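S.K.: Supplied in structure tokens, the structure appears directly below.
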Amino acid sequence: MEQLRTFGRELAMGSQGGFYQSKEFLDLVKSIGEARSKAEEDRIVVNEIDTLKRRIAEPDIPKRKMKEYIIRLVYIEMLGHDASFGYIHAVKMTHDDSLLVKRTGYLAVTLFLNEEHDLIILIVNTIQKDLKSDNYLVVCAALNAVCKLINEETIPAVLPQVVELLAHPKEAVRKKAIMALHCFYQKSPSSVSHLISNFRKRLCDNDPGVMGATLCPLFDLITRDVNSYKDLVISFVSILKQVTERRLSKAYDYHQMPAPFIQIKLLKILALLGSGDKQASENMYTVVGDVFRKCDFSSNIGNAVLYECICCVSSIYPNPKLLDSAADIISRFLKSDSHNLKYMGIDALGRLIKISPEIAEQHQLAVIDCLEDPDDTLKRKTFELLYKMTKSTNVEVIVDRMIDYMISINDNHYKTEIASRCVELAEQFAPSNQWFIQAMNKVFEHTGDLVNIKVAHNLMRLIAEGFGEDDDNADSKLRSSAVESYLRILGEPKLPSGFLQVICWVLGEYGTADGMFCASDITGKLCDVAEAYSSDDTVKAYAVTALMKIYAFEIAAGREVDMLTECQSLMEELLASHSTDLQQRAYELQGVIGLDAHAVEFIMPSDASCEDIEVDKDLSFLDGYIQEAIEKGAQPYIPESERPGVLNMGNFRNQDHHESSHGLRFEAYELPKPAVQPRIPRALLPSTEIVPVPEPVYPRETYQTPVTPIPSNPSDAGSAELKLRLDGVQKKWGRPTYTPETSTSNSTSQKTVNGAAQVDGPSTVNSTRETYASRKLQVEISHEKQKLAASLFGGSSKPEKRPATGHKVSKASSHMLEKSHVPNSSMEVASEKTAPAQTPPDLLDLGEPTSTSTAPSLDPFKQLEVLLDATQDASAANSATSASRSPDVMALYADTPVGIHNKDEADLLSGMSNMSGATARPQPTKGSSKGPNPKDSLEKDSLVRQMGVKPSSQNPNLFKDLLG
Amino acid sequence: MSVIHFVLLISRQGKVRLTKWYSTYSKKERTKVIRELSGVILTRGPKLCNFVEWRGLKVVYKRYASLYFCMCIDPDGNELEILEIIHHYVEVLDRYFGSVCELDLIYNFHKAYYILDEILISGEFQEPSKRSIVRSVAAQDSLVETAKEQTGSISNILAQAAK
């Protein structure tokens, strides 16, 4: 039966003049359709690849067969397997004379190859030829390939033809030529920079399709350079006017809207052109107002245009009337039952509040609703809106909410994003240091290494520098609270590396600063960290340096240092570590402990991480030492440029130059003379023009080293003149080990100081704080939370707009959703297992329900053409047909095994029809999915009591916090 | 660069019915994208948004019977517009195949590609007139017909299909 149906379909296809395939191919598709697992599918495909590899290489394959092979290759690639063995055959196919074959070839190569592929070069010639063809279909096929395959290198090969085609009599060709030029522009703007005027010209094309296509490149061009296109404002406005007045052919109508896609593109362009330009914007007001008025709220496409209008209005120079219309549309979106429209409403709100912040206030409830919605997409969009709305007055609520959400999700990409947003908001608006530290702790604890390490460094800087206020007391309080919270957090089992680094640094720097904790407490914790995260060298390094600081501060304060036994064993371990960095740090620690208080205070001053370190580049402090050495008979240091070795080289070169100017030399080159000999001409030659060549210089340099104040090559000190080149080599080897050591031996504190000094954070923080001077610092967090809870849980007296929300309920409802979904999917699995023939019915006739379910909106195919003027009747008729046909749908499902499955399916379908029908049918279902069931409300009640909030008192503070 | 980065057609069972990549993705990335997205989209409930934020981009999807049509766009795109582009595509398919069903697309995916090529060029929507798309694809088909050595008589087709 199914086979017959399939066959019937095939026949129908054939009679449509389509391409029909061999039984083999049909079998392949069918068996893949029936494959029950990915592994099975893979096995079938691998078999198919083997067959094709064999077949495709056979000689004299008829074209029709070859065409099918290529299509089978496309199929294999589509399923994610590699069909590269056949690419060359696809390329060959493009060379064919018959359009039938050629078209398949072009389709395959555009799907197989990308613009960097080596085979492209084999197609360029064909494309060139085809672009000149007198059959416009061939030209179209070639242009499609041009867009996908021509790369920067090959653009010049086809550019002339493409430009010629801009004037082709067929509009389809002109349109594709425009798009091809657009592609060229995107790939290499310079290659077509002289042709940009063509886009302007084509804007006046007689065919609206071509004009519409021109808008794509123009949008790109205007994005890059607005000012050169201001003159087109009038043209765009008049085009938009004509479109809205239905001057275009009826063919461009879409769901009774005149050319909505062109309208959207035009609005996008106007938004760019009018941005920050009062004069240009004034030209647009009327037409944008017209678009607002003429749009149809009930269709999805109408809403798409309206949304674009809002974007445009919020981008151009503000106009109060248009802003009002935009606000109206937004509230309509937000009040809609469709999640899609709510989403667009939230997005639009985010755009509009930049211009008129007061608009947010009227939509408080809707925003909270969206925030509580089980739909993640909507929730995230709402967070984005909140992010844009954050001020110092509501930062706490918003960031806390964000963090809660961040903790609850698994999507790393979004986690990172929302974490960085939290950090940004907290840095910008933090009302108190304590809150800031706590917020940051939470972010770090839960996102850890997803957060950019710069954020960690920023946090260290902030703690070190304080909040930019000249209040040392507040700063030290901030540090104490940080230390305290970190000591507590260290008890947690698994902490991310970046966070541990911050913790170690802060503990080392400020652990004992306020005297609350003694050195042994802190050092014990640090040792624990080093031990618990023993595989993480960076953390260990931070911990060791922190230990060193603690001990140094102790010594400087004149206290007896008593190293803990665990610390000693840690040191022993690290002294023998494979990591040279750790070893170095351990040795340094050992060295520091052996010094007296005065010296220690000098090298490790307490709380000096923010002080600038002056670097004495001349190393003048070594002068005394040098003097001493010279007195003892050492040779004085001679700067590089004055050294004899360099002069030698210069001498050679000059000689060379000198001689070469005489003309060609035919005799062999002289052997280089020994280095000592040419010392004689030293005085004769000017040294300034000489480029010193480093290698032969080394021996001299090392020879001088006893005097050089460079500490990096003390080992060379005694080396004699004889081991010339070897020394140079040795030094090269030595460099990587020595120099890092000297730099790290300046200790990490310096490093972080550098990091901190680079960022000009405090100034920005300051300025933003000044602008938001109206902040209220004193609101306590716990109080805030209570208020939040009260407004979330105590809102039962409010109208059902906010259906007894709160975490509990929304979670419950999401559970319900999940539950209702789980059986669904398990049903699917079950039905798939029990009925192996499940796919055919699925494939066959689910198409029917679609057309019925989407009928209300998409109908125009058959009925609407007849019923053009009586649209009302038509939609009524549609609903009637869908009603009368739905039993049919059920009948179709009747032979699937599980009854509930059917119901589910029907449900989904009706859901679909709702979506596509937009606002056609009001939905009473909200209550059923979200509504308060007795158990939930009981739970909620008890929770409310626990929180100590009276359920009756509604508290609007949350909204004030969020939106005020 | 392009407005639409890729187009995916996935069946409810997660089987791929059509893929078209306008931005460059390696084969490995493609497989990963399909796996990730079908995991996200197929599990979403029916009443939720038709949009998913995904790796900093947005994916607009719509279910038609057992098929999910997905298009991936930049975060600042107009989602409702993309939803209509999908719908437009489906309408054109419907008009071309005559009440289209998944089977049509399974066995004639290359046709679906040809039609998509008329609607989107390098990720830009380019032909709002349904009639001219169908006309153009039909013109290609009919030219193809005449170009063929054996013009498609019913008997021929029957013989072919029975083979």
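First to last, the sequence lines map onto chains U and X.
The first sequence maps to residues 143 to 1106 in this note's numbering.
The second sequence maps to residues 15 to 177 in this note's numbering.
We put the CB at the ideal spot given by N, CA and C, even for glycine.
This structure is a prediction, so every number in the text was calculated from the model and none was measured.
1. Starting from U/V1175, find everything on chain X with Cβ-Cβ shorter than 8 Å and list it in chain order.
2. Taking only the alpha-carbon atoms, compute the straight-line gap between U/N966 and U/Y556 and give it to the nearest angstrom.
3. Mind checking whether X/C115 and X/L22 have CB atoms under 8 Å apart?
4. If contacts are defined as beta-carbon pairs under 8 Å, then U/N445 and U/V375 qualify, I think. What distance do you get, rounded to the angstrom?
5. Please compile the residues from chain U whose C-beta is within a distance smaller than 7 Å of the C-beta of X/E98.
6. Please go through the same chain and pick out, in chain order, the residues whose beta-carbon is closer than 8 Å to the beta-carbon of X/T33, but skip the five residues on each side of it.
7. Give me, in chain order, the residues of the same chain whose beta-carbon lies closer than 6 Å to that of U/P347; leave out the 5 immediate sequence neighbours on both sides.
8. What does the alpha-carbon distance come out to for the pair U/H336 and U/I549?
9. In angstroms with no decimal places, state the Cα-to-Cα distance between X/G28 and X/V74.
10. Please say whether X/Q154 and U/K317 have beta carbons closer to each other than 8 Å?
11. According to DSSP, simplified to helix, strand and coil, what is U/Y779?
12. In the structure shown, what three-state DSSP assignment does U/K1072 receive?
13. Can you name, in chain order, every residue of its own chain whose Cβ lies under 8 Å from the Cβ of U/I497, other than the five neighbours on each side?
14. Could you pull out every residue in the same chain whose Cβ sits closer than 6 Å to the Cβ of X/R26, ignoring the five residues on either side in sequence?
15. Three-state secondary structure (DSSP) at U/M399?
16. Against U/R474, what residues of chain X qualify as contacts under a CB-to-CB distance less than 8 Å, listed in chain order?
17. On the criterion of 16 or more Cβ atoms from any shown chain inside 10 Å, does X/N122 qualify as buried, or is it exposed?
18. Going by DSSP, name the residue or residues bridged to X/R77.
19. Beta carbons nearer than 7 Å to chain A: which residues of the segment 346 to 361 of chain U have them?
20. Using only CA atoms, which one of U/A232, U/A728 and U/D192 lies nearest to U/M208?
21. When you compare the segment 92 to 107 of chain X with the segment 575 to 592 of chain U, are there three or more beta-carbon pairs, one atom per stretch, that lie closer than 8 Å?
22. Tell me which residues of the segment 37 to 52 of chain X have at least one Cβ-Cβ distance to chain U shorter than 8 Å, keeping chain order.
23. With a cut-off of 8 Å, does the C-beta of X/V21 fall near any C-beta of chain U?
24. Report the neighbours of U/D86 on chain X: residues whose CB is nearer than 9 Å to its CB, in chain order.
25. Give the DSSP bridge partners of X/F139, in chain order.
26. Is any beta-carbon of chain U found at less than 8 Å from that of X/F83?
27. Measuring straight from C-alpha to C-alpha, what distance separates U/A672 and U/M713?
28. Please work out which residues of its chain come closer than 6 Å, Cβ to Cβ, to U/V266, disregarding the five sequence neighbours upstream and downstream, and give them in chain order.
29. Counting contacts by CB-CB distance shorter than 8 Å, is X/A153 in contact with chain U?
30. Below 8 Å between beta carbons: does that hold for X/Y103 and X/I133?
31. Whose C-alpha, out of U/V757, U/L412 and U/L717, is nearest the C-alpha of U/S423?
32. From U/I186 to U/S173, what does the alpha carbon distance come to, in whole angstroms?
33. Compare the beta carbon distance of U/Q725 and U/S719 with 8 Å and say whether it is the shorter of the two.
34. Rounded C-beta distance between U/V429 and U/L382? I'm assuming under 8 Å.
35. For chain U, check one thing: does any of its Cβ atoms lie closer than 8 Å to the Cβ of X/L107?
M.R.: Looking at the atomic coordinates:
1. With chain U covering only 143 through 1106, there is no way to say anything about residue 1175 of chain U.
2. Bear in mind that the predicted position of U/N966 carries a pLDDT of just 45, short of 50, making it unreliable; the figure below should be weighed with that in mind. If I take the Cα positions, the gap works out to 28 Å.
3. no
4. No, U/N445 and U/V375 are not in contact; Cβ-Cβ is about 26 Å, not under 8 Å.
5. N442, I443 and A446
6. F20, V21, L22, L23, R44 and I48
7. Before going further, note that residue 347 of chain U is Asp rather than Pro in the sequence given. Correct list, in chain order: M353.
8. 53 Å
9. 17 Å
10. no
11. coil
12. Here U/K1072 scores only 42 on pLDDT, less than 50, and its place in the model should not be relied on; the value that follows carries that caveat. Residue state, collapsed to three classes: helix.
13. S456, P460 and L465
14. S80
15. strand
16. Those within 8 Å of U/R474 in chain X number zero; the least Cβ separation is about 14 Å.
17. buried
18. X/Y82
19. Among the protein chains in the structure shown, which are U and X, there is no chain A.
20. U/A232
21. no
22. T38, K41, R44, T45 and I48
23. no
24. With chain U covering 143 to 1106 only, the question about residue 86 of chain U has no answer from this structure.
25. X/L134
26. no
27. 11 Å
28. T296 and A299
29. yes
30. yes
31. U/L412
32. 8 Å
33. yes
34. 5 Å
35. no
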